[in-house]
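See below for the structure under consideration.
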Amino acid sequence: LVTTPWATLWRGLDRLTAARDVTVSLKFRMEEARIHLSEGSRILLANNSMPVTFPMSLHPPHILGLPDAEDGYWFLADRIRAFESPHCNPAFQAVAEMLDFHRTLKGSHWPLYLVDIGAHLGDCCLWAASRWPTGANILAVEMRQDHAANIRRASKLAQHPEGVLQVRATKVVAEADCNQEEVSTVDCFLDHWAPSEVHLVSMYLGNGLELKALHGALKSLRTGRLQGVLVRSTETEVEVFRKFVEEHQL
């Protein structure tokens, strides 16, 4: 039943019966209790965050055993559709929403500048582009060319306004020639991107590479151009990052 002839039938039935759009909202589940926010902040986020709609009818289903099942783009689409969740790290969503709330309190409309390093399939940058199609500038940095291409394709399908989401297929390192495209530092691509300030950089690279990426962001961190960094790591202890902050007096 998962051979190619049947797969075509399942795909057609899926596209006929699936909801045209899937709307997701920011919500904190029990497993996200590690995000240290006060109850007041959680209520504030729940009351002020806006739902985001994904055009899921444009995506074929994930069928185990077929070549397309290995295409993570389709897998991500099905995750969003099945769980009605953007599959974005909730800490990124919470911080971005708080930044948006802060500018609202100030009575201002300055654009949010958000950077997603290690964007993978666009889990967070696609959510942010849909959340603030006219109020943010988002840069996605992903070292795999195929994943970067998938993010661009998904952004086009979501009909994001031109320029709201830029994608770079770049490996982020501690030191590099700023003229290179394939390898770069955070400081290099922020200089190229050229905003006067960046409100949030999210890093999730794996293999302990987040610390190297931070070394490549020291200039922007020291000058205050980079206002906040959210680091996710599966291999580096939190204490290592604390020592980095102390060592460089950030």
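Under my numbering, think of the first position of the sequence shown as 17, with each following residue one higher. Think of the CB as a built atom: it goes at the ideal place given N, C-alpha and C, for glycine as much as any other residue.
Closest by CA to residue i, which one among the options?
| i | options | result |
| --- | --- | --- |
| Arg160 | Pro177, Arg147, Ala135 and Ala170 | Ala135 |
| Ala174 | Leu266, Ala185, Phe70 and Gln109 | Phe70 |
| Leu42 | Glu197, Ala144 and Lys122 | Ala144 |
| Leu227 | Ala190, Leu115 and Arg241 | Ala190 |
| Trp247 | Arg238, Ala170, Arg258 and Ser124 | For the record, residue 247 in the displayed sequence is Val; it is not Trp. Closest by alpha carbon: Arg258. |
| Pro149 | Val157, Leu130 and Ala164 | Leu130 |
| Val256 | Asn195, Leu230 and Asp139 | Leu230 |
| Leu142 | Lys122, His125, Phe117 and Pro177 | Pro177 |
| Asp116 | Asn153, Ile133, Ile96 and Phe99 | Asn153 |
| Glu132 | Ile59, Thr186 and Arg241 | It should be pointed out that residue 132 corresponds to Asp in this sequence rather than to Glu. The candidate whose alpha carbon is nearest that of Asp132 is Thr186. |
| Asp139 | Gln265, Ile59, Asn166 and Leu121 | Asn166 |
| Leu61 | Ser124, Thr120 and Glu253 | Thr120 |
| Val180 | Pro127, Ile59, Ser236 and Glu253 | Pro127 |
With a 10 Å radius around its C-beta and 16 neighbouring C-beta atoms as the bar for buried, classify residue i as buried or exposed.
| i | result |
| --- | --- |
| Val261 | exposed |
| Pro102 | buried |
| Ile79 | For Ile79, the pLDDT reaches just 48, beneath the cut-off of 50, and the residue's location in the model is therefore unreliable, although a value from the coordinates is still provided. Ile79 is buried by the Cβ-count criterion. |
| Val111 | buried |
| Ser54 | exposed |
| Ala210 | exposed |
| Arg184 | buried |
| Pro77 | Low confidence applies here, because Pro77 scores a pLDDT of 45, under 50, leaving its location unreliable; read the following figure in that light. Buried: at least 16 other Cβ atoms inside 10 Å. |
| Glu251 | exposed |
| Leu29 | exposed |
| Val217 | buried |
| Met219 | buried |
| Leu25 | exposed |
Beta strand (DSSP E) containing residue i: first to last residue?
| i | result |
| --- | --- |
| Leu181 | Leu181 to Arg184 |
| Val40 | Val38 to Val40 |
| Thr69 | Val68 to Phe70 |
If you measure from the CB of residue i, is any heavy atom of the ligand SAM nearer than 7 Å?
| i | result |
| --- | --- |
| Tyr220 | This structure does not include the ligand SAM; it has no bound ligands of any sort. |
Just checking my contact of residue i with residue j at CB under 8 Å: how many whole Å lie between their CB atoms?
| i | j | result |
| --- | --- | --- |
| Ala192 | Val202 | Contact flag wrong, Cβ pair sits at about 10 Å. |
| Gln267 | His215 | With the chain covering only 17 through 266, there is no way to say anything about residue 267. |
| Val188 | Gly232 | 7 Å |
| Ser146 | Val68 | 4 Å |
If you follow the alpha helix (DSSP H) that residue i is in, where does it begin and where does it stop?
| i | result |
| --- | --- |
| Asp203 | Val202 to Trp209 |
| Val189 | Neither: Val189 is in no alpha helix (DSSP H) and is coded neither H nor E. |
| Ala174 | Per DSSP, Ala174 belongs to no alpha helix (DSSP H) and is neither H nor E. |
| Glu255 | Val254 to Glu263 |
| Leu60 | Glu55 to Asn64 |
*asked:* I'd like the ranges of any alpha helix (DSSP H) spanning at least 4 consecutive residues and lying wholly in the region 116–164.
replied: For the region 116–164, whole alpha helix (DSSP H) runs of length 4 or above, ordered along the chain, are 139–147.
_If we require 3 or more residues per run, which beta strand (DSSP E) segments fall completely within the region 215–246?_
The DSSP assignment places 216–219 as complete runs of the beta strand (DSSP E) inside the region 215–246, in order along the chain (cut-off: 3 residues).
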